[in-house]
Amino acid sequence: MFHSVKKESHLKENFDKYFNLEMIRQLNLSNEEKNNWKYVVKYIYNQEEKCNHLPRDKCYNSSFIHIILKRNFKTKQLYLSSFFCPKKNLLSNYLIREFPNNKLLLSLSEPTRITIKIDEKKINDFLLKSVNDNTEIGLYLYGVTGIGKTHKIISYCNEMTYKNKKKVAYIFLPQFVGEIKNNFSENPSNNKTLITNCCVAEILVLDDFGAEYASAWFYLNVLLVIFNYRFENNKKIIFISNFEPKKIVNIMKKKLLLNSSSKFDRENIDVIVSRLVDRMWKLFDFKVASYNTKSRRTNKIS
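At position 226 of the sequence shown the residue is numbered 227 (the numbering used here), and the sequence of numbers has no breaks.
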């Protein structure tokens, strides 16, 4: 008899835990409803708890669909419904994502593996404020290779897609230039989709800016189109580069001189670059940041 009572008490305690889940507690279940729906509630509890302990690119259900118990406003009857796991935002809200799946796990709130420099902490706080305020930002982030610029901005984009459901286009500019070129011969319609996604994304990141080998055609018919659209629609851009902004002008001029075949393009390099740079400064809202630290890749090697 004692063992039987103990077993019942144990079961009751466990179910009380399930019913204490916020989305269940809000339903104000009667004792009869609790008894009728207790195993469904248990499933929902396990679904939420286990999913919360999985990485942000994985869900308790492979379909990324959760079930939920709801109450009909008119009849007061309970019924089962479903909703998409918030983690689905990480996958579906990237219009363009030119980085591997394992980087979807990066987060601004995760502790860094090395001591955070004072300038990095300021940048991290600036990005976190954008996430918490649910507002898009413009930024030009530069510094030597290997200091964590890409890591930081990917983390920011993950936060904005996961928490705020922002549509993001994250491109590596040298790779993007190559895609545009290849699409001309293989699938020209893809270029329209790529450019459109860069235009309409709530957050656009141009990584490795200044490392691309582009022609005057690309700058005028692709990059300037994107810049103009985002400028006219008050959409900012985050630039990541190895070069400080004042050096970008000469870098772009040299690239155009090397990669432009027509005499007209070569003679109008100054005009082309000035148009791009004028838009560029406004698109990152004159906010420039850098890491005054050594390369982490160099530190690892030494």
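Quick reminder that beta carbons are idealized off the backbone N, C-alpha and C, glycines included.
Compare the C-alpha of Y106 against each of L70, D17, S190 and L55 and name the closest. What sits at residue 106 in the sequence shown is Leu, not Tyr. For L106, the nearest C-alpha among the options comes from L55.
Mind pulling the alpha helix (DSSP H) runs of 4 or more residues that sit fully within the segment 63-146? 89-93 and 119-134
Inter-stretch contact at 8 angstroms, needing at least 3 Cβ pairs: the segment 230-245 / the segment 181-194: Judged by Cβ distances under 8 angstroms, the segment 230-245 makes no contact with the segment 181-194, as fewer than three pairs qualify.
Does DSSP put D286 in a helix, a strand or coil? coil
Apart from the five residues just before and just after N135, which ones in its own chain have a Cβ nearer than 6 angstroms to its Cβ? N165
With 16 other Cβ atoms within 10 Å as the buried cut-off, status of F285: buried
Status (buried if at least 16 other CB within 10 Å, exposed otherwise) for G149: By the 10 Å Cβ count, G149 comes out buried.
On the CB-based measure, 16 or more other CB atoms within 10 Å of its CB, does R114 come out buried or exposed? Residue placement at R114 is poorly supported in this model, since its pLDDT is 37, which falls under 50; the coordinates still yield a value, given next. Looking at its Cβ environment, which holds fewer than 16 other Cβ atoms inside 10 Å, R114 is exposed.
What's the C-alpha gap between Y157 and E233? In a straight line, the C-alpha of Y157 is about 24 angstroms away from that of E233.
Which residues DSSP lists as bridging D208, in chain order: F173.
Just mark I25 as buried or exposed, buried being the case when its beta carbon has 16 or more other beta carbons within 10 Å. buried
DSSP three-state assignment for S275, whether helix, strand or coil: helix
Residues that R240 bridges to, as DSSP identifies them: Note that residue 240 is Phe in the sequence shown, not Arg. DSSP output for F240 lists Y141 and L207 as bridge partner(s).
V41 - containing alpha helix (DSSP H), residue span: For V41, the enclosing alpha helix (DSSP H) starts and ends at N32 to N53.
Assuming Q176 and E99 form a contact by the criterion Cβ under 8 angstroms, report the distance between their Cβ atoms to the nearest whole angstrom. 6 angstroms
On the DSSP bridge assignment, give the partners of S186 in chain order. Paired residue(s): none; S186 is not in a bridge.
Any 3 or more C-beta pairs closer than 8 angstroms across the segment 209-217 and the segment 90-104: no
Give the secondary structure of E9 by DSSP, where H, G and I count as helix, E and B as strand, and everything else as coil. Per-residue confidence for E9 stands at a pLDDT of 44, beneath the threshold of 50, marking its modelled position as unreliable; the derived number appears in the next sentence. E9: helix per DSSP, three-state reduction.
Among the residues of its own chain, which have a CB less than 6 angstroms from the CB of L317, if the five just before and after it don't count? Given that the chain is displayed from residue 2 to residue 303, the structure contains no residue 317 and the question cannot be resolved.
Return the CA-CA distance between I172 and R231, expressed in angstroms with no decimal places. Taking the straight line joining both Cα atoms gives about 16 angstroms.
Does any residue of chain D have a CB that is nearer than 7 angstroms to the CB of S131? Checking the listed chains, one finds no chain D in this structure; it contains a single protein chain.
With the cut-off set at 7 angstroms, would you say V206 and I154 are in Cβ contact? yes
Extent of the continuous alpha helix (DSSP H) to which S216 belongs: Where S216 is concerned, there is no enclosing alpha helix (DSSP H), given that its DSSP letter is neither H nor E.
Could you tell me if T194 is buried or exposed, where buried requires 16 or more neighbouring beta carbons within 10 angstroms of its beta carbon? exposed
Three-way DSSP call (helix, strand, coil) for L28 in this model: Coil.
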